[in-house]
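Protein chains: 2
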Amino acid sequence: MGTVGPRLAIVSNRANPDVPLTGEPVTARRPTGATPFLDRSIQISYREAMARTRAFDTEAAVSRAMDLFWTRGYEATSVRDLTQHLGIGQGSLYAAFGDKDGLYRAALEHYRSTLAAAALRDLAEGADVRAAVRALLTERVRIAVGQGGRGCLAVNAVCERLPEDTATRRTVRDMQDASREALTELLRAARERGEIAARHDPHTLASFLVTFLNGLLVSAKITPDARALEPLVDVALTALD
Amino acid sequence: MGTVGPRLAIVSNRANPDVPLTGEPVTARRPTGATPFLDRSIQISYREAMARTRAFDTEAAVSRAMDLFWTRGYEATSVRDLTQHLGIGQGSLYAAFGDKDGLYRAALEHYRSTLAAAALRDLAEGADVRAAVRALLTERVRIAVGQGGRGCLAVNAVCERLPEDTATRRTVRDMQDASREALTELLRAARERGEIAARHDPHTLASFLVTFLNGLLVSAKITPDARALEPLVDVALTALD
DNA sequence: AAGTTTCTTTATCGAGCGTTACAGAATCAG
DNA sequence: CTGATTCTGTAACGCTCGATAAAGAAACTT
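Chains as they are written, first to last, in this note's numbering: chain A, 422 to 662; chain B, 422 to 662.
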């Protein structure tokens, strides 16, 4: 929310504003500990770094923030909760992520690039279609029932922040589009091999599976019992027959 | 949260504490406008009413509160938002519902007793099984895509407030148990008539449908387009074949 | 009518919220 | 080294949060 401080500072506080902005992005030269992020990686990329380096691992911080948002939700997680759990000061948080919303978006992006992406990678290696789809669903359920049933961060985000937050809508929609396309390709190939019937087209079947997975992740919150949900996966898979 | 004021007041402020507590519950004698609620209906039921009657319609207030919680969620809805939208003062709200959480639980209960219950009533009148199930799912989707895609209050509640809020878990679980049992009965009768195959038992099929409905309601928030979700219902119904 | 109780209205309360200001520490160029 | 710049840690900032106190209005019993 609002304008971000550091952006202006970079323009007005430069050592010599008349020096032309050249050189490699500083992000390539950073020492290992300090992963650049957000404002920094965008704004300072015109100039050599000439300042104190970040003391904490940004990605690790995002990961811990994701944990907190995941179990408590956005509104119920305060900035002080976050700073304590990440082990950084409030100034550092705002310098690195802009505001609470920026950190939330970073956490959601981290969720996409780690957990959701890993599930899709495993899908590509799948042998039998049914086994691959079953593995995808059960793995996601396994994660969702953890921590007392925290569900799926993306589904939680949708339920808490839509229809208001259109950025979240776009991000989660992209995530699910990626899942659907991966599944579509998997099903299309399987149908060509004659492993599944042609009763429904692959795209519709993939959409069905994505939506059914959403339901599984909600049910996993209501009743965090993976074994109780397994038979439902069996039923869903009969749609491939 | 915390102890509720009026309960103590009833004990300590009675005109004559030595009069034995007898008589009909006052709830039966109330004038039409003032529906009793919560503390009142429980605590004062020992005695004849002898005080100012409530000026606003409690059920209408709960209905409007439900609207607000439904579109914005629990945390993002402030007590002042509520009082303005209900047209009552803060004192009245706290006198009638205890606290914000009490009003939320009342709203969730109202949701159960109106929308969710209506869907199940329609189910009982169903002719053909498939048509009845399809009608249930599409009707719920139709409501969920409304208002820009506010989804289902129960699913939203689960995603925002679990695993922390166990009262919500119990309420929503009860709601879904009721749906599952109604569907189980419907499917069991249909199987006896030979309308559906015996590949999966009715109970598992019903659980599958409830979970799939959860997914539909999430997808309805992400993409509030009822027509795009219809084909997925078709796929789900093939599980009955 | 008087007396009792509850509801409504208004004005707060303390706590916590997200955010920012500022001084000092750290890093790098020259 | 000096100077420029950014990060860190702390202390606030203004604001809104949920909840309550108090006084007057309204309803019911007797």
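Note that the Cβ used here is the ideal one computed from N, Cα and C, for glycine as well. No experiment lies behind these values; they were computed from the predicted model shown.
Run of the alpha helix (DSSP H) containing residue i, from where it starts to where it stops
i: V631 of chain A; result: 623-643
i: S499 of chain B; result: Where S499 of chain B is concerned, there is no enclosing alpha helix (DSSP H), given that its DSSP letter is neither H nor E.
i: S513 of chain B; result: 511-518
i: G523 of chain A; result: 521-532
i: T535 of chain B; result: Careful: T535 of chain B lies outside any alpha helix (DSSP H) and carries neither H nor E.
i: D549 of chain A; result: No alpha helix (DSSP H) contains D549 of chain A, which DSSP labels as neither H nor E.
i: Q597 of chain A; result: 587-613
i: C580 of chain B; result: 574-582
i: R485 of chain A; result: 479-493
i: E405 of chain A; result: Nothing can be reported for residue 405 of chain A: it is not among the residues displayed for chain A, which extend from 422 to 662.
Beta-carbon proximity check, residue i vs residue j, cutoff 8 Å
i: D662 of chain B; j: A619 of chain B; result: no
i: M487 of chain A; j: A548 of chain A; result: no
i: A627 of chain A; j: L653 of chain A; result: no
i: G636 of chain A; j: F518 of chain B; result: no
i: H621 of chain B; j: A660 of chain B; result: yes
i: C580 of chain B; j: E585 of chain A; result: no
i: F477 of chain A; j: Y525 of chain A; result: no
i: L658 of chain B; j: V554 of chain B; result: yes
i: V631 of chain B; j: L604 of chain B; result: yes
i: A537 of chain B; j: M596 of chain B; result: yes
i: E602 of chain A; j: V550 of chain A; result: no
i: T587 of chain B; j: E651 of chain B; result: no
Contacts of residue i in chain A (Cβ-Cβ under 7 Å)
i: V579 of chain B; result: V639, K642, I643
i: S499 of chain B; result: Within chain A, no residue comes near S499 of chain B; the closest Cβ sits about 11 Å away, beyond 7 Å.
i: Q597 of chain B; result: I643
beta-carbon residue i near the ligand ATP non-hydrogen atom, thresh 7 Å
i: P584 of chain B; result: The model on display carries no ligand, and the ligand ATP is accordingly not part of it.
Amino acids of chain B, ordered along the chain, whose beta-carbon sits closer than 7 Å to that of residue i
i: F490 of chain A; result: Here the premise fails: no neighbours, minimum Cβ distance about 12 Å.
i: V576 of chain A; result: C580, V639
i: S628 of chain A; result: L653
Neighbouring residues, chain B, relative to residue i (Cβ below 8 Å)
i: E651 of chain A; result: Here the premise fails: no neighbours, minimum Cβ distance about 10 Å.
i: R648 of chain A; result: Going along chain B, no residue has its Cβ under 8 Å from R648 of chain A, so there is no contact; the nearest lies around 13 Å.
i: L524 of chain A; result: In chain order: nothing, as chain B lies at least about 17 Å away.
i: L634 of chain A; result: G636
Under 9 Å by beta carbon: chain A residues contacting residue i
i: R594 of chain B; result: I643, T644
i: T625 of chain B; result: P652, L653, D655, V656
i: A588 of chain B; result: Within 9 Å Cβ-Cβ: nothing; A588 of chain B doesn't reach chain A, min ~13 Å.
i: H506 of chain B; result: Ordered by position in chain A, no residue passes the 9 Å Cβ test against H506 of chain B, which lies about 16 Å from the chain.
i: E496 of chain B; result: G494, Y495, E496, A497, E581
Where residue i meets chain B, residues with beta-carbon distance less than 9 Å
i: R571 of chain A; result: L583, P584
i: T559 of chain A; result: None at all; the shortest Cβ gap to chain B is about 14 Å.
i: A660 of chain A; result: V656, A657, T659, A660
Under 8 Å by beta carbon: chain A residues contacting residue i
i: R620 of chain B; result: T659
Are the stretch 557-575 of chain A and the stretch 640-648 of chain A in contact at 8 Å, needing three or more beta carbon pairs? Contact between the stretch 557-575 of chain A and the stretch 640-648 of chain A is present: 3 or more CB-CB pairs across the two stretches fall below 8 Å.
Cβ pair count under 8 Å reaching 3, the stretch 510-527 of chain A against the stretch 474-482 of chain A: Segments in contact, yes.
Stretch pair the stretch 642-657 of chain B + the stretch 569-580 of chain B: three plus CB contacts closer than 8 Å: Put simply, the stretch 642-657 of chain B touches the stretch 569-580 of chain B. At least three CB pairs are less than 8 Å apart.
Three Cβ pairs or more, each shorter than 8 Å: is that satisfied between the stretch 520-534 of chain B and the stretch 585-593 of chain B? They touch, by the three-pair rule.
Are at least three pairs of beta-carbons, each pair with one atom in the stretch 538-554 of chain B and one in the stretch 492-500 of chain B, less than 8 Å apart? No, they do not touch.
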